[in-house]
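Residue numbers (my numbering): 1270 to 1586.
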């Protein structure tokens, strides 16, 4: 019997979570709409790949090796020729890609905000001292503790559905998810309230989907060119450059957000927080005429500034 992926013109690799599958379907549908030869039944196959980060759910990512845990097996499948492109949430993608791989495409960015989710309270400010918030993100944990030191944070992993079930079971009083993920799952109503970027600066590249391919695959590169959003790519470049300068991984509470201003300039904000929330350092850059290069330069500069101000022990845990 012939495997469908053997006859497909294009093979997409993805993680198996409902959100990852939804993102892969979004890419498939956009490709089929842009290219008639990819619109036929079976022209595009989706391959689900289980990553180490999906298998180990009882520990914080920082304890088991950081963000590459959600990409390594998919990277291996791509470089081994089992798939032609990989769809990733950009906040999971390490800042240095494996040799022979490129990231040519960023889709139009979704809502960058975090979502506050609770069955009891409408915001952090309503929560009494000692209330428990579950989050897998060191950034979210540290930022909550920085602003609300009387609250308690616990590590809380699993996909969107798992976290919501734990919340309903009363394991925690509140949790946080990305608005982008809830929107892509068609479940924005799950959010009790979005948290403004001024109250909680998002993760680097939050809300952005990126696509990686082999660097010599000109056919796939050509197909993907119709999907890239230059404005989103420039924003992501600024934020990821700051992360790279800070040597950021899952062990480091780092936040960054690049936004276009009405006059066409770009504002980049970057923050680092001690894991216990005891100190936060912020900086920002204004980019007059943003492109990939100038955005990356600004991000590198901002990251280097915070690294110098924080010193070698600021973000170690």
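All residues carry an ideal CB built from backbone N, CA and C; glycine is no exception.
Since the structure is predicted, the reported quantities are computational estimates derived from the model, not experimental observations.
Nearest residue (CA-CA) to residue 1538, options 1495, 1531, 1470: 1470
Give the secondary structure of residue 1519 by DSSP, where H, G and I count as helix, E and B as strand, and everything else as coil.
Reliability fails at residue 1519, whose pLDDT of 48 lies under 50, so the model's placement of it is uncertain and the value that follows must be treated cautiously. Reduced to three states, the DSSP call for residue 1519 is coil.
What does the alpha-carbon distance come out to for the pair residue 1391 and residue 1442? Straight-line measurement puts the Cα of residue 1442 at about 11 Å from the Cα of residue 1391.
Review point. By how many angstroms is the C-alpha of residue 1389 removed from the C-alpha of residue 1514?
Key: 40 Å
Check: residue 1537 by DSSP, collapsed to three states: which one?
Finding: strand
Q.
In this structure, how does DSSP classify residue 1421 when only helix, strand and coil are distinguished?
A. DSSP places residue 1421 in strand when its eight states are reduced to three.
**Message:** In whole angstroms, give me the CA-to-CA distance for residue 1560 and residue 1535.
**Reply:** When only Cα atoms are considered, residue 1560 and residue 1535 end up about 10 Å apart.
**Asked** Is residue 1393 helix, strand or coil by DSSP?
**Response** helix
Would a C-beta distance cut-off of 9 Å place residue 1436 and residue 1387 closer than the cut-off?
Going by C-beta atoms, residue 1436 is nearer than 9 Å to residue 1387.
(Q) DSSP three-state label for residue 1370, please. (A) strand
Is residue 1403 helix, strand or coil by DSSP? Under the three-state reduction of DSSP, residue 1403 is assigned to strand.
Margin query: Which same chain residues end up closer than 7 Å to residue 1461 when comparing Cβ atoms and leaving out the 5 residues on each side of it in sequence?
Written below: 1385, 1386, 1387, 1391
Q. What is the DSSP secondary structure of residue 1295, counted as helix, strand or coil?
A. If DSSP states are grouped into helix, strand and coil, residue 1295 belongs with the helices.
Item checked: Cβ neighbours of residue 1528 in the same chain (closer than 6 Å, five flanking residues each side left out) -> 1536
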